[in-house]
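**Q** Sharing a structure here in structure tokens format.
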Amino acid sequence: MSNNNTGNTQSNPRKPVVLMSMGMQERKGHEYQVMTHKYMAPLVEFSGCVPLLVPTCFGTADLEQYLSLADGVYLTGAGSNIDPSLYGQDNLTPDKAQDRDRDLFDLPLIKAAVQRGLPIFGICRGMQEMNIAFGGDIHQKLYAVEGFNDHREDSSTPPAEQYADRHSVRLVPNTWLAELLGQEEIPVNSLHGQGIGTLGEGLQALAHAEDGVIEAIHAPDLPQFTLGVQWHPEWLAAQNPHSIRLFEAFGQACRRSAAQRGR
-14 MSNNNTGNTQ SNPRKPVVLM SMGMQERKGH EYQVMTHKYM APLVEFSGCV
36 PLLVPTCFGT ADLEQYLSLA DGVYLTGAGS NIDPSLYGQD NLTPDKAQDR
86 DRDLFDLPLI KAAVQRGLPI FGICRGMQEM NIAFGGDIHQ KLYAVEGFND
136 HREDSSTPPA EQYADRHSVR LVPNTWLAEL LGQEEIPVNS LHGQGIGTLG
186 EGLQALAHAE DGVIEAIHAP DLPQFTLGVQ WHPEWLAAQN PHSIRLFEAF
236 GQACRRSAAQ RGR
């Protein structure tokens, strides 16, 4: 007897599988591996992909097995900073949380995804991870660097205020991102104390804030989709046409990736 609710059929095609690495969060003396709903929602709703949440607390022994299941990699933001020793600096923000397990998982994950030709989409911390994986570094206190504005949110305000549009970003003309979004400038939110310093090898900027801070990057010499953005397009993505286009483009790239693998 057939079951129309199982298997891959024309009416129920296989969706691309996208790896999402989780992060550590301590709650009442217990360590959790977590992923915020707001990051998953647009991946499901607009990318049309299936999120596969990957714990980062067990090291990279199973990394290749995870990647064998994947058609794309999605690196989200988080409240933790990346360990500065991983890009050759002393820690200038000892009061800020770190998640070294995620660092030591995501950097090899990015490099392995590049080798496999998997699409990569990074948001906020995820974009910074991409930059470090390519050999770049980070301004640990962007707000203290002369010439740059303070891009941090006011954590005492409600989320709706924290994630409200704060400034515009200018898209680099004649790039695929400028063509995708169809505008020279777009308004974005801003919730980061750190930012890209030196760009990693092979990376190029796709957008800048009004003060010159790099707000979007890609790796133009790689054949697959690569995009990192410093703002948070996942926030209320359904209400933002630019966010929808970003997630749709990533989903299309993941479907191409799946097709190339005969899935």
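If you're matching positions, the sequence shown starts at -14 in this note's numbering and goes up one per residue. We put the CB at the ideal spot given by N, CA and C, even for glycine. A quick note: this is a predicted structure, and the numbers were derived from the prediction, not measured.
Pull up the CB-CB distance for serine 65 and glycine 111, whole angstroms please, since I reckon it's below 8 Å.
**A** With 8 Å as the limit, serine 65 and glycine 111 do not qualify as a contact, their Cβ atoms being about 12 Å apart.
**Q** Between the alpha carbons of arginine 240 and glutamate 131, how many angstroms are there, rounded?
**A** If I take the Cα positions, the gap works out to 43 Å.
**Q** Among Leu28, Ala194, Gln10, whose alpha-carbon lies nearest the alpha-carbon of leucine 221?
**A** Here the closest residue by C-alpha is Leu28.
**Q** Taking only three categories from DSSP, how would you classify leucine 184?
**A** coil
**Q** Who are the Cβ neighbours of isoleucine 199 in its own chain at under 8 Å, not counting the five residues just before and after it?
**A** Same-chain partners within the cutoff: Gly180, Ile181, Leu184, Ala190, Ala192, His193, Gln215.
**Q** How many Å lie between glutamate 169 and histidine 15 at the Cα?
**A** 47 Å
**Q** Pull up the distance between the alpha-carbon of arginine 246 and that of lysine 13, whole angstroms please.
**A** 44 Å
**Q** Could you compute how far the alpha carbon of arginine 248 sits from the alpha carbon of glutamine 74?
**A** 43 Å
**Q** Just checking: is the beta-carbon of methionine 7 within a distance shorter than 8 Å of some beta-carbon in chain C?
**A** Considering every chain present, this structure includes no chain C. It has just one protein chain.
**Q** Would the segment 95 to 104 and the segment 29 to 36 be scored as touching if the rule is three or more Cβ pairs under 8 Å?
**A** no
**Q** Report yes if the C-beta distance between glycine 62 and isoleucine 123 is below 8 Å; otherwise report no.
**A** No, Cβ-Cβ distance for glycine 62 and isoleucine 123 is not below 8 Å.
**Q** Rounded to the nearest angstrom, how far is the Cβ of tyrosine 51 from that of valine 39, given a contact under 8 Å?
**A** Indeed, because the Cβ distance is near 5 Å, the residues count as touching under 8 Å.
**Q** With glycine 178 and lysine 126 assumed to form a contact (beta carbons below 8 Å), what rounded beta-carbon distance in angstroms separates them?
**A** 7 Å
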